[in-house]
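In my numbering, the protein residues as written are -7 to 131.
From the three backbone atoms N, C-alpha and C, an ideal C-beta is built for every residue, glycine too.
Notes for the one structure printed next.
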Amino acid sequence: HHTAMAVQDMDRAKTFYCDLLGFEIDWERPEYGGKPFANVVGMTEAKAHVVMLKGYGTRLELFTYHTPEGAKCEPKRQCDFGLTHFAFTVKGIHDIYQRLSEAGVRFNCPPQNLRAGVWATYLKDPEGVTIEFVQYDES
-7 HHTAMAVQDM
3 DRAKTFYCDL
13 LGFEIDWERP
23 EYGGKPFANV
33 VGMTEAKAHV
43 VMLKGYGTRL
53 ELFTYHTPEG
63 AKCEPKRQCD
73 FGLTHFAFTV
83 KGIHDIYQRL
93 SEAGVRFNCP
103 PQNLRAGVWA
113 TYLKDPEGVT
123 IEFVQYDES
């Protein structure tokens, strides 16, 4: 159904995911809280600004917690344990790479031909989260 992540700067995240990557806001709750929410996330008195985005055939849920305050973490390397990246299937990967590079988005490299008909590249969101774009050429 969706992938979720906590972000430090909701405005910057919405600008990146919506304006640059093309997601749309499905719904937004600037002051989401209450006992059921706190129970589900496992944090007493949890309150957050929550935005559900949709695009690329999936949904992405962004949280900025008002309470409790989140700990700042360093971006993970791909070899570190736990989740390391999420991926979106795209068409026109080379054009997307060019447009986003010109907008200042950081990529590890230009799209690479991993095997016949498969192109991929990794990029970083404004908070250092790794995203993979992958293109499957039609035969």
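Linking residue 123 to residue 99 through their CA atoms gives a straight-line distance of about 9 Å. Pairing residue 126 with residue 112 gives a Cβ-Cβ distance under 8 Å. Looking at the DSSP output, residue -3 shares a beta bridge with 54.
With respect to the 8 Å criterion, residue 52 and residue 9 are classified as neighbours on the basis of their beta carbons. With 16 or more other Cβ atoms inside 10 Å of its own Cβ, residue 117 counts as buried.
Linking residue 26 to residue 39 through their CA atoms gives a straight-line distance of about 7 Å. Residue 13 counts as buried, since at least 16 other C-beta atoms from the protein chains shown sit within 10 angstroms of its C-beta. Under the three-state reduction of DSSP, residue 32 is assigned to helix.
The residues 9, 45, 46, 47, 48, 52, in chain order, have a CB closer than 8 Å to that of residue 15 in the same chain once the five nearest residues on each side in sequence are set aside. Only residues of its own chain outside the window of five on either side were considered, and among them 2, 22, 56 have a CB closer than 6 Å to the CB of residue 41, listed in chain order. In the DSSP annotation of this structure, the continuous segment of the beta strand (DSSP E) that includes residue 41 starts and ends at 39 to 47. For residue 106, the secondary structure class from DSSP, reduced to helix, strand or coil, is strand.
The secondary-structure analysis by DSSP pairs residue 123 across a beta bridge with 78, 115.
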